[in-house]
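J.:
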Ligand SMILES: Nc1ncnc2c1ncn2[C@@H]1O[C@H](COP(=O)(O)OP(=O)(O)OP(=O)(O)O)[C@@H](O)[C@H]1O
Ligand SMILES: [Mg+2]
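In our numbering, the protein residues as written are 125 to 369.
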């Protein structure tokens with residue numbers, strides 16, 4: 125479902141130029157959940173944002189479902205992969221009601237203000253329909269992240285890119301949001317890429333994990349490796365030993 129070849133992401137120019145993602149290759153099968161872990165600043169969000177079409181300064185090839193996509197995404201291409209961010213508050217406009225926020229991707233696609241679809245999206249993430257009239261600050265953090273997930277799913281993308289989707293949430297509601305994601309994955313046969321620094325979250329959700337360091341992948345672990353605490357690279361060992369799972 126996802127194929128990335130020699131993806132390189134660079135910021136700045138001339139003397140100030142720095143390469144954040146260094147020629148990475150990546151494949152994710154349909155229905156698979158791939159985890160990406162690695163220390164702060166290693167390039168995880170940049171990689172995800174490039175996949176989502178939010179970064180323009182990349183070279184290489186990105187294909188979704190056998191179809192190559194470019195830096196500037198067409199409407200059709202945007203429907204293939206949607207992203208959920210760490211901070212649900214930051215990703216929702218404070219003065220837009222939830223219903224407006226949910227309808228935004230529909231309007232962007234020229235589908236109009238389809239209220240039936242907005243209500244269905246709310247229902248699918250387990251929120252009361254009257255929340256359509258509320259503002260983001262009138263919701264809890266977990267509820268806001270449900271809205272962000274509903275918005276990412278409203279165009280029925282086959283791919284969801286999740287950047288620390290639960291780390292801004294209270295521990296008690298993290299599991300709820302993860303279960304929602306797992307249910308939606310099941311129901312829609314979604315392909316997920318999940319960035320998280322929480323190895324328990326990664327182990328719970330992912331079929332496979334890539335360990336990133338300084339813009340490259342240094343290790344790949346299967347679910348079985350995770351279960352048995354097996355790593356193949358010293359850095360991965362260091363990362364996993366720092367956490368008791
Ligand atoms: N728009 C930008 N312009 C310049 N540099 C950037 C930009 N976005 C990210 N960077 C740099 O790229 C590097 C990787 O950032 P990125 O956000 O991808 O890291 P990350 O792995 O997601 O880290 P974290 O775990 O802290 O979220 C960092 O050094 C960051 O400063
Ligand atoms: Mg990040």
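For glycine and all other residues, C-beta sits at the position ideal for the given N, C-alpha and C.
Do residue 293 and residue 271 have their beta-carbon atoms positioned less than 9 angstroms apart in this structure?
T.: No; because the gap between Cβ atoms is not below 9 angstroms, this pair is not in contact.
J.: Quick one: is the Cβ of residue 347 within less than 8 angstroms of any heavy atom of ligand 1?
T.: The answer is no for residue 347.
J.: Throw me the rounded Cβ distance for the residue 151 and residue 127 pair, which I believe falls under 8 angstroms.
T.: That belief holds up - the Cβ atoms of residue 151 and residue 127 are roughly 5 angstroms apart, short of 8 angstroms.
J.: Is residue 150 near ligand 1, judged by its Cβ being under 8 angstroms from some heavy atom?
T.: Residue 150 Cβ: outside cutoff for every heavy atom of ligand 1.
J.: Tell me whether the stretch 254-266 and the stretch 208-225 touch, counting them as touching only if at least three CB pairs, one residue from each stretch, are closer than 8 angstroms.
T.: Yes: at least three Cβ pairs fall under 8 angstroms.
J.: Measuring CA to CA, which of 186, 231, 319 and 309 is closest to residue 288?
T.: Residue 319 is the option with its Cα nearest to residue 288.
J.: Is residue 138 near ligand 1, with its Cβ less than 8 angstroms from a heavy atom?
T.: No; taking the cut-off as 8 angstroms, the Cβ of residue 138 has no heavy atom of ligand 1 nearer than that.
J.: Near residue 168, which residues of its chain fall below 7 angstroms by C-beta distance, leaving aside the five closest residues on each side in sequence?
T.: Result list for residue 168: 160, 162, 319 and 336, in chain order.
J.: Thinking residue 154 and residue 315 are a contact (beta carbons under 8 angstroms), I'd like their distance in whole angstroms, please.
T.: At roughly 6 angstroms, the Cβ-Cβ gap stays under 8 angstroms, so residue 154 and residue 315 are in contact.
J.: Please report the residue range of the alpha helix (DSSP H) in which residue 298 lies.
T.: Residues 295-312.
J.: Are three or more beta carbon pairs between the stretch 164-179 and the stretch 249-256 nearer than 8 angstroms?
T.: Verdict: no, contact absent.
J.: Under the rule that 16 or more other beta-carbon atoms within 10 Å means buried, what is residue 147, buried or exposed?
T.: Label assigned to residue 147: exposed.
J.: Taking just the CA atoms, how far does residue 345 sit from residue 326?
T.: Each residue's Cα considered, the two are about 11 angstroms apart.
J.: Determine whether the beta carbon atoms of residue 329 and residue 276 lie at a separation below 9 angstroms.
T.: For residue 329 and residue 276, no; Cβs fall outside 9 angstroms.
J.: For residue 307, does the count of other Cβ atoms within 10 angstroms reach 16, so buried, or fall short, so exposed?
T.: The residue is exposed, with fewer than 16 neighbouring Cβ atoms inside 10 Å.
J.: Does DSSP put residue 170 in a helix, a strand or coil?
T.: It is helical.
J.: Cβ of residue 163 within 8 angstroms of any heavy atom in ligand 4?
T.: With respect to ligand 4, the structure offers nothing, as its ligand set consists of ligand 1 and ligand 2.
J.: Under the assumption that residue 171 contacts residue 193 (Cβ atoms under 8 angstroms), give the Cβ distance between them as a whole number of angstroms.
T.: Actually they are not in contact, since the Cβ atoms of residue 171 and residue 193 sit about 15 angstroms apart, beyond 8 angstroms.
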